[in-house]
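This report concerns only the one structure given below.
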């Protein structure tokens, strides 16, 4: 009887120990985590319904990770935005009628005024990336609220507008046609930055941009016509001394006409006087006529010299004086045709 009692106590103790161990394990073990089902976002299959074009700019991006999908969505949106801005600019033309030529003149805005590197996306937001099991990749949507972005970007447009008009007003105040042409050319360059910002603003909201800046577009469009009108007022009286057979005189008239100015031989009807002097710098060597020809041109307005051009040839020689002078004038003509127009345009600030 004693042996049986001890055995029963041992079994009872073992049973009690096992229950304690089971109880402790049940207290310390973590419950199994349940899988939470996240429904597929509607923007994956129906982006335009969630983010309508009238209110948003939106693009999808995919990737092997959530971050890659988010970055690709932003990159897609930036590329879409940039491409459409450039398309607007490349398709832009301005038409104006000059005073003397009623024909249509077109000016196309350079697409280089907008580059990818200077593009900043305003009011940018991204959705939480979503892993699409059936395609085994992450999706993300980057989007911009048009009105919010426009309101954030508008101060930049206004700064460019103020810069443009600060130069434009100087041109309006200038007293001489050539000075106005020079400043208007500077205004054209400033207008490119202004226009670039207008195109970006239009991508956010064309309606708001047109309401705020439509009149400014008209002013920009008028600049080529204003430049041409000033050219028409720049009547140049051409005076040439030392010329043989009118060779140099004809060339000077032709060059200024091609630049866009009206030429005349009447100083009373001209705003500027273009004086060109041909000097042969003769050195006699027995029976030879030896010349070291040079040319000097000045453009003056009311005793004020606005432009000076000087050039010279290497030695010209001949036994015949007329042939030597003709050769000298032909050489000077070639010099003028080569670089006078470009030099004068640069000096007065005429844009190409």
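Numbering (this note's numbering), first residue to last: 555 to 906.
Cβ coordinates follow ideal geometry from the N, Cα and C atoms, glycine included.
Remember, it's a predicted structure, so these values are computed and weren't measured experimentally.
Thinking residue i and residue j are a contact (beta carbons under 8 Å), I'd like their distance in whole angstroms, please.
| i | j | result |
| --- | --- | --- |
| residue 695 | residue 717 | With 8 Å as the limit, residue 695 and residue 717 do not qualify as a contact, their Cβ atoms being about 36 Å apart. |
| residue 849 | residue 836 | About 15 Å separates the two Cβ atoms, so there is no contact after all. |
| residue 751 | residue 710 | 6 Å |
| residue 795 | residue 832 | 7 Å |
| residue 904 | residue 739 | 6 Å |
| residue 748 | residue 774 | 7 Å |
Measure the CB-CB distance between residue i and residue j and report whether it falls below 8 Å.
| i | j | result |
| --- | --- | --- |
| residue 764 | residue 715 | no |
| residue 923 | residue 883 | The structure shown does not extend to residue 923, since the chain spans only 555 to 906, so no value can be given for it. |
| residue 758 | residue 707 | yes |
| residue 610 | residue 687 | no |
| residue 692 | residue 622 | yes |
| residue 675 | residue 635 | yes |
| residue 683 | residue 772 | no |
| residue 753 | residue 639 | yes |
| residue 792 | residue 847 | no |
Distance check for residue j and residue i, CA to CA, integer angstroms please.
| i | j | result |
| --- | --- | --- |
| residue 734 | residue 897 | 18 Å |
| residue 650 | residue 891 | Interpretation of residue 650 is limited by its pLDDT of 39, a score under 50 that renders its predicted location unreliable; the figure taken from the coordinates is listed afterwards. About 29 Å. |
| residue 820 | residue 783 | 20 Å |
| residue 627 | residue 600 | 15 Å |
| residue 605 | residue 597 | 8 Å |
| residue 594 | residue 761 | 34 Å |
| residue 899 | residue 803 | 19 Å |
| residue 888 | residue 723 | 40 Å |
| residue 839 | residue 736 | 48 Å |
| residue 778 | residue 689 | 56 Å |
| residue 625 | residue 631 | 10 Å |
| residue 602 | residue 721 | 43 Å |
| residue 552 | residue 881 | Residue 552 lies beyond the stretch modelled for the chain, which goes from 555 to 906, so this question has no answer here. |
| residue 745 | residue 713 | 12 Å |
| residue 864 | residue 851 | 6 Å |
| residue 637 | residue 858 | 50 Å |
| residue 855 | residue 719 | 28 Å |
| residue 530 | residue 633 | For residue 530 there is no data in the structure shown, the boundaries of the chain being 555 and 906. |
| residue 817 | residue 862 | 18 Å |
Can you tell me whether residue i is buried or exposed, with buried defined as 16 or more other CB within 10 angstroms of its CB?
| i | result |
| --- | --- |
| residue 894 | buried |
| residue 879 | buried |
| residue 842 | exposed |
| residue 815 | buried |
| residue 725 | buried |
| residue 755 | buried |
| residue 834 | buried |
| residue 592 | exposed |
| residue 805 | buried |
| residue 807 | buried |
| residue 797 | buried |
| residue 781 | buried |
- Quick check: the region 865 to 876 against the region 696 to 707, are there 3 or more CB pairs under 8 Å? no
- Query: Is the region 769 to 788 close to the region 812 to 830, with three or more CB pairs under 8 Å?
  - Reply: yes
- Item | At least 3 beta-carbon pairs within less than 8 Å: the region 725 to 733 vs the region 614 to 621 | no
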